[in-house]
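These protein sequence lines map, in sequence, to chains A and B. Per the working numbering, the very first residue in the first sequence carries number 6; after that it's consecutive. Per the working numbering, the very first residue in the second sequence carries number 620; after that it's consecutive. Worksheet for the structure shown next.
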Amino acid sequence: MAISVKVMERPEPEETSYLRAALSGMALTFKHLVNPVKVTQQYPEEQTDLHPRWRGTHRMEVHADGRPKCVACGLCPTVCPANCIRLVGGEDDQGNRYPIVYEIDEFRCIFCGMCQEVCPVEAIHVGRHFENAEYTRDRFVYDLDRLMEQEHPTTLLWDPSDPRSE
Amino acid sequence: MEPISGVPAIVAMVAKVVGLFTILLLVVAYATLAERRISAWIQDRSGPNRVGPFGLLQPIADGIKNFLKEETLPATANRLFFVLAPMITITPALVVFAVIPVAAPLATPWGVVDMIVADVPIGILYVLALSSLGVYGLVLGGWASNNKYAFLGGLRASAQMVSYEVALGLSLIPVLMLVGNVTLTEMVWQQQQLGIWFALPLSLAFILFLISAFAESNRLPFDMPEAESELVTGYHTEYSSMKFSQYMIAEFGHMVTASALMATLFLGGWDLPGSWDNAFWYQGQLIRGFAEDGSVLLADAAWWKTLVTFGAFGVKTLFFLLVYIWVRWTLPRFRYDQVMALGWKVMLPTGLGYAMLMAVTILALDTMGVAYGFTYGLVLTGVSGLATLAFLFFIDRGHTIAGAAALNRQRAHAARHARGDNPAGDGQVVLPSAVGD
C-alpha cells in the first residue's frame, strides 16, 4: 500500500505579506505577555500532591515503646529483586526475634515496593516522599535508626477491588 | 535665561556624564532581566524570580557570576585581537548616547544646563559613524578566535551590518530633509514646531529605520552573526567570563541606544504634546517658538519640566526596548540569503524611492508657500501614509520574506525546466536542490 502524503496548501507568494503576518504574530505573543497561561508550579512553596500509591524511600514502623516492628523473618531481603536490604536477625531473652542490623541501600533500591507487600507484620514500608538530597553517597544507605526516624506517609498497597486507587 | 558657563559648567558636565552613564548601564543590566522575564511570560513560563523580590537582583547575580568565571584564551587564537575585540565592540555602544538629548534644559541658579552630554554639530553623523564601528569588534573577535563558527559569525556580521547601514542611512534622509540639520536637539525642536512627531509624517522612513535598527543591533530576526542553531553562538563562541559579558553589554547597549534614537528621531524625543515644554537655543536665548510677526517667544526652563520630559523620553525609549524584546520572541530567524535579499532588493529601493517622494513633496509644499506647521505635517502624513500602504500591500506581497510560499513557485519552475518548456536564455537560474521533487 502506498504511503499517503499530506500536501500542505501553501499560499502563493503574491497572497502573503511578511509584515502583516509578523504583526498578527506579535498580537498573539502580546496576548500571552499580558495574560499568560499559568502552568508553572512554584515548587518549594507549592508542594505536589503525590499519588496514594507513590513509592518513595522507606520507613520502619515502630511499637509504642520505640522498638521496631520488624521480626527479622528474612522475607524482605529474600524477595528484594535489587538485593538492597541487609538483615542480620537476633533473638532476645523472651525468644522474640528482632533485627540487629537492618540496612537499605536506597541507591540500589528500585522502589518496587515488594518488601512492603511481603512483610508479615507490616513493619517495612515504602513512602510517599521524594526529597532525598544528601551531601555524601554513604548517607544513602539507611540504617535501622534512620528508617525508624522517617515520618513521611506510607504507600497504599494495591487493592484489587480498587485497581486505580480512586 | 543664560546658558551655564565657567566652573559650574564643568561640574554640570561631569555630573551629566556620570549620571547618564550610570543610568545607561543600569538600563542595560535590567534589560537582560526584562528580556528573560518577558520572554518567559510570552512563552507562559515564569522566568528568573528567585534572586531578590521578583528576581530583581538577578542582573547583579549574573554580574558576579561572570566576574568569577574562568577566563579562557584559545591556544590558537590571536591574543592581541582576541582581547581587543570586545573592547572595540563595547566602546561605541556606550559612547553613542552622548549626543542624544534626554530632557528639556534644566534651570539652575548658575544658568541653564542642556540635558545632553555633547551637543556636537555633527549629531546624527556621529551616531552613524560610531555605531558602525561596533562591527569591527564582531569581525575581529570572530577572526581572532580561530574557530570556524566564530569566523562565519564575524563574516555574517560584516555583510549584514554593511548592507543595512545603507538602508539605515537612506531612511534617515527624509528626516534630514525635513529638519534641515543633523543635530539631534534640532530634530526634537523641529518636531515640536511641526506639532506632529515624525513617526506619522515620515511613517515609511520610521518603518525602514526600525527594521534596519534591528539588523544593525543583531537582534532576532536578524541575528545572523550569532545564530545559535547554526553557529554555536557565532562570533563570541570562544569568549567566556567578562569578555563574553562585554559582548552582551554591547548588544544591549546597542539596543538601548537604537531605542533612544528611534524615540528621538520619530517620537519627538523628550517632547510632550503642547508647546509648554518647547525649548531651543536661538541667538543666545532659550525660546519656545515664534510669534506671528516673527518675534521670539521666550521659554522658561523649570526643574519639573526637565523631570517630566525626562520621564517622557524614558517611557518612549523603554517602549522601543519592549518592541525589541517582543519581536525577538515572536519572529523566527531569517535565512542568510533572505536577510541579504531584504536588505538589497527591498529596503534599498524602497528607501531610495521614498526619499525621492519626500523630496518632491517637501519641495512642492515649500514652493506653494505652506508654512512649516500642522498643515505641513498633515500633507506629509497623507503622502507617507499612501507610501506605507503601498509598501504593505504591494511591495510586501511575496517580495520580502516569502518563506514556504515561495517554494511552490520554485517547484513549478523546476518542473517546467525539467520538461524542457523553459525558453532558452531567459536568465533564470534553477537551484539543483529545487529539481527532482
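By construction, the Cβ of each residue, glycine as well, lies at the ideal position given by its N, Cα and C atoms. Predicted model only: the values in this text are computed from it and were never measured.
- Measuring C-alpha to C-alpha distances from A/H56 to each of A/F135, A/P73, A/L149, A/Y140 identifies A/F135 as the nearest.
- In the DSSP assignment, the residues bridged to A/T159 are A/G132.
- Contact between B/A696 and B/S777 is ruled out by a C-beta separation of about 19 Å, above the 8 Å threshold.
- According to the DSSP secondary-structure assignment, B/I792 is paired through a beta bridge with no residue.
- If one requires a minimum length of 4 residues, the alpha helix (DSSP H) runs lying completely within the stretch 81 to 136 of chain A are 119 to 123, in chain order.
- Under the criterion of beta carbons closer than 8 Å, B/I743 and B/L803 qualify as touching, at roughly 6 Å.
- In chain order, D663 make up the part of chain B whose C-beta sits under 8 Å from the C-beta of A/V42.
- In this chain, the beta strand (DSSP E) harbouring B/G730 covers 730 to 734.
- Contact annotation: B/L886 and B/A824 have beta-carbon atoms that are not nearer than 8 Å.
- For B/L752, the closest of B/P672, B/L1011, B/L713 by C-alpha to C-alpha distance is B/L713.
- For B/L950, the chain A residues whose Cβ falls inside 7 Å of its Cβ are A27, G30, in order along the chain.
- Annotation: the stretch 952 to 1011 of chain B contains no complete segment of the beta strand (DSSP E) (minimum length 3 residues).
- If you check each beta-carbon in the stretch 793 to 805 of chain B against every beta-carbon of chain A, none falls closer than 8 Å.
- With a cutoff of 8 Å on beta-carbon distance, A/T159 and A/G118 are scored as not near each other.
- Residues of chain A with a Cβ closer than 9 Å to the Cβ of B/I657 are, in chain order, L38.
- Interface criterion met: the Cβ of B/W945 is under 8 Å from a Cβ in chain A.
- Below the 7 Å Cβ cutoff, chain B contributes R664, S665 as neighbours of A/T45, in chain order.
- Residue burial annotation: B/I826 is buried, with at least 16 other C-beta atoms found within 10 angstroms of its C-beta.
- In the structure shown, B/F909 falls within a strand segment according to DSSP collapsed to helix, strand and coil.
- Per DSSP, the continuous beta strand (DSSP E) segment holding B/L916 begins and ends at 915 to 917.
- In the structure shown, B/V851 falls within a coil segment according to DSSP collapsed to helix, strand and coil.
- The beta-carbon distance between B/M977 and B/P793, rounded to whole angstroms, is 4 Å. This is short enough to meet the 8 Å contact definition.
- Residues of chain A with a Cβ closer than 9 Å to the Cβ of B/L1011 are, in chain order, S22, L24, R25.
- Listed along chain B is no residue with a C-beta nearer than 9 Å to that of A/T53; the closest approach is about 16 Å.
- In the three-state reduction of the DSSP assignment, A/V146 falls in the strand class, which pools E and B.
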